[in-house]
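Asker: What follows is a structure written as structure tokens; I'll ask about it next.
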Amino acid sequence: MANTVEEIKRPINEEMKLFEQKFYESMQSKVPLLDKVTRFIVTTKGKQMRPMFVFLCAKLVGNVNEKTYRGASMIELIHTATLVHDDVVDESFKRRNFFSINALWKNKIAVLVGDYLLSKSVLLSTDHKDYDLLGVISRTIREMSEGELLQLEKARKLDITEEVYYEIIRQKTATLIAACCEIGVLSNDADADLAKKMMDFGTYTGMAFQIKDDLFDYLSSNVIGKPVGIDIKEQKMTLPLIFTLRNANEKDKKYYFNTIKRYNNDQKRVKELISFVKSSGGLDYAISVMKDFQHKAKDILNEFPDSEARKSLHIMLDYVIERKF
Numbered sequence: 001m002a003n004t005v006e007e008i009k010r011p012i013n014e015e016m017k018l019f020e021q022k023f024y025e026s027m028q029s030k031v032p033l034l035d036k037v038t039r040f041i042v043t044t045k046g047k048q049m050r051p052m053f054v055f056l057c058a059k060l061v062g063n064v065n066e067k068t069y070r071g072a073s074m075i076e077l078i079h080t081a082t083l084v085h086d087d088v089v090d091e092s093f094k095r096r097n098f099f100s101i102n103a104l105w106k107n108k109i110a111v112l113v114g115d116y117l118l119s120k121s122v123l124l125s126t127d128h129k130d131y132d133l134l135g136v137i138s139r140t141i142r143e144m145s146e147g148e149l150l151q152l153e154k155a156r157k158l159d160i161t162e163e164v165y166y167e168i169i170r171q172k173t174a175t176l177i178a179a180c181c182e183i184g185v186l187s188n189d190a191d192a193d194l195a196k197k198m199m200d201f202g203t204y205t206g207m208a209f210q211i212k213d214d215l216f217d218y219l220s221s222n223v224i225g226k227p228v229g230i231d232i233k234e235q236k237m238t239l240p241l242i243f244t245l246r247n248a249n250e251k252d253k254k255y256y257f258n259t260i261k262r263y264n265n266d267q268k269r270v271k272e273l274i275s276f277v278k279s280s281g282g283l284d285y286a287i288s289v290m291k292d293f294q295h296k297a298k299d300i301l302n303e304f305p306d307s308e309a310r311k312s313l314h315i316m317l318d319y320v321i322e323r324k325f
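Throughout the sequence shown, residue numbering follows UniProt numbering, covering 1 to 325 in sequence.
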């Protein structure tokens with residue numbers, strides 16, 4: 001998979017190298033403690049898929065320019081802020097095999113650092129009068145918060161329908177990838193129609209990405225480092241489970257709802273539920289929906305003339321649903 005990422009990066013290699021430097025500069029502060037934390041963030045970064053979307057979409061319609069770098073930094077600041085806040089909410093002490101910020105510096109500092117990164121993201125756009133980008137990131141922050149709260153509300157009642165599930169993953173995950181693609185073309189002065197088209201492309205890609213993530217919960221061979229059945233233990237209703245319970249008879253439905261509600265820490269009952277989802281076609285259904293979103297994204301991509309950037313985005317779309325972690 002590392003080779004795939006290198007292949008995706010090929011048309012934007014130089015831009016990604018320069019971006020690292022610009023991203024670090026965008027986080028800097030006069031407070032030594034903040035600088036220490038942001039230096040740690042830069043050294044423990046992930047694959048940086050989101051900035052890659054920004055640069056590739058910019059190249060799809062024009063060139064990478066200073067506004068593109070600012071847009072990519074804004075996205076990465078938001079993404080990093082949400083990860084820092086998520087680790088506090090989830091009481092998680094590890095992130096990509098490193099200690100999380102709340103594990104090293106405690107919750108109060110982690111929350112304040114997340115807030116600082118969000119404010120930097122907004123300032124980066126207002127300082128340069130990138131008001132179109134400001135509109136995109138403000139909407140994105142709002143939708144991500146709404147998605148998290150909607151999921152929490154529904155998890156308490158376990159009454160998630162397929163439509164609600166799509167709305168949750170659109171807001172929680174897809175909205176940020178949609179913002180990357182929209183910002184990429186807006187940095188090249190795209191009109192409203194093109195911006196909307198790229199937003200849709202990013203939304204479909206993000207939906208496929210999240211469904212793939214949810215499938216890992218049922219695959220004993222996953223190498224994501226995420227224990228199998230963790231979503232069930234956390235009472236998260238994902239697509240394979242929603243489909244299975246919707247089509248189950250009353251007796252099975254009652255029994256498995258009870259597993260999620262009261263026996264979600266009973267390993268035997270969780271394993272039983274995973275087997276039931278697999279044998280009921282829950283995984284197959286989720287895979288077909290995921291591929292449908294991928295095809296919708298590819299249809300949009302194919303409207304653009306052939307280029308290195310388009311090729312990379314095609315590889316990215318395949319990577320999203322074939323990745324092993």
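Virtual Cβ for every residue (Gly too), placed ideally from N, Cα, C.
Here the structure is a predicted model, which is why all the values come from computation and not from measurement.
By the three-class DSSP mapping on this structure, what secondary structure does E303 have?
Answerer: By one-based count along the sequence shown, residue 303 stands at place 303. Note: E303 maps to coil in three-state DSSP.
Asker: Taking CB distances under 8 Å as the criterion, tell me whether V122 reaches chain D.
Answerer: Absent from the structure: chain D. Only one protein chain is present.
Asker: Would you call L239 buried or exposed, if buried means 16 or more other Cβ atoms sit within 10 Å of its Cβ?
Answerer: Mapped onto the sequence shown, residue 239 falls at position 239. Looking at its Cβ environment, which holds 16 or more other Cβ atoms inside 10 Å, L239 is buried.
Asker: For the stretch 180–190 and the stretch 46–65, state whether three or more C-beta atom pairs, one from each stretch, are separated by less than 8 Å.
Answerer: Flag = yes, the stretch 180–190 and the stretch 46–65 touch.
Asker: Assuming V185 contacts A192 under a Cβ cut-off of 8 Å, what Cβ separation, rounded to an integer in Å, is found between them?
Answerer: As a working note, residue 185 is residue 185 in the sequence shown. As a working note, residue 192 is residue 192 in the sequence shown. So it is not a contact: roughly 11 Å between Cβ atoms.
Asker: Hey, how far is the Cα of F19 from the Cα of T68?
Answerer: Counted from its first residue, the sequence shown places residue 19 at position 19. Counted from its first residue, the sequence shown places residue 68 at position 68. Roughly 10 Å between the two C-alpha positions.
Asker: Tell me the rounded alpha-carbon separation between A155 and H314.
Answerer: Here residue 155 corresponds to residue number 155 of the sequence shown, with the count starting at 1. Here residue 314 corresponds to residue number 314 of the sequence shown, with the count starting at 1. Their Cα atoms are separated by approximately 35 Å.
Asker: Determine the DSSP secondary structure at Y263, reduced to helix, strand or coil.
Answerer: For the purposes of this step, residue 263 is identified with residue 263 of the sequence shown, where counting begins at 1. DSSP places Y263 in coil when its eight states are reduced to three.
Asker: For A309, verify whether its CB is less than 7 Å away from any heavy atom of the ligand ZN.
Answerer: Here there are no bound small molecules, and the ligand ZN is not part of this structure.
Asker: From the DSSP output, in three-state form, read off G282 for me.
Answerer: Taking the sequence shown and counting its residues from 1, the one referred to as residue 282 is at position 282. Note: G282 maps to helix in three-state DSSP.
Asker: Pop quiz: F209 and L60 are said to be a contact at Cβ under 8 Å. What is the actual Cβ separation, rounded to whole angstroms?
Answerer: Residue numbering aside, residue 209 sits at position 209 when the sequence shown is read from its first letter. Residue numbering aside, residue 60 sits at position 60 when the sequence shown is read from its first letter. That belief does not hold up - the Cβ atoms of F209 and L60 are roughly 19 Å apart, past 8 Å.
Asker: So for D295, helix, strand or coil by DSSP?
Answerer: Along the sequence shown, read from residue 1 onward, the residue named residue 295 stands at position 295. A small correction: the amino acid at residue 295 is His; Asp does not occupy that position in the sequence shown. Helix.
Asker: Could you tell me the distance, in whole angstroms, from the CA atom of G206 to the CA atom of K291?
Answerer: Numbered from 1 along the sequence shown, position 206 holds the residue referred to as residue 206. Numbered from 1 along the sequence shown, position 291 holds the residue referred to as residue 291. Whole-angstrom Cα-Cα distance: 12 Å.
Asker: In the structure shown, what three-state DSSP assignment does A309 receive?
Answerer: Position 309 of the sequence shown, counted from the first residue, corresponds to residue 309. Here A309 sits in helix by DSSP.
Asker: Using only alpha-carbon positions, find the residue among K157, L158, E148 that is nearest to E167.
Answerer: Stepping through the sequence shown from its first residue, residue 167 is reached at position 167. Among K157, L158, E148, the Cα nearest to that of E167 is on E148.
Asker: What's the C-alpha gap between G202 and I137?
Answerer: Mapped onto the sequence shown, residue 202 falls at position 202. Mapped onto the sequence shown, residue 137 falls at position 137. G202 and I137: Cα-Cα distance of roughly 14 Å.
Asker: Can you name, in chain order, every residue of its own chain whose Cβ lies under 6 Å from the Cβ of G225, other than the five neighbours on each side?
Answerer: As a position in the sequence shown, residue 225 is number 225, starting the count at 1. Here the model assigns G225 a pLDDT of 48, short of 50, so the residue's position is not dependable, and the following value carries that caveat. Around G225: no qualifying Cβ.
Asker: Would you decide whether D130 is buried or exposed? Buried here means 16 or more other CB atoms lie within 10 Å of its CB.
Answerer: Looking up residue 130 in the sequence shown gives position 130. It is buried - the Cβ of D130 has at least 16 other Cβ atoms within 10 Å.
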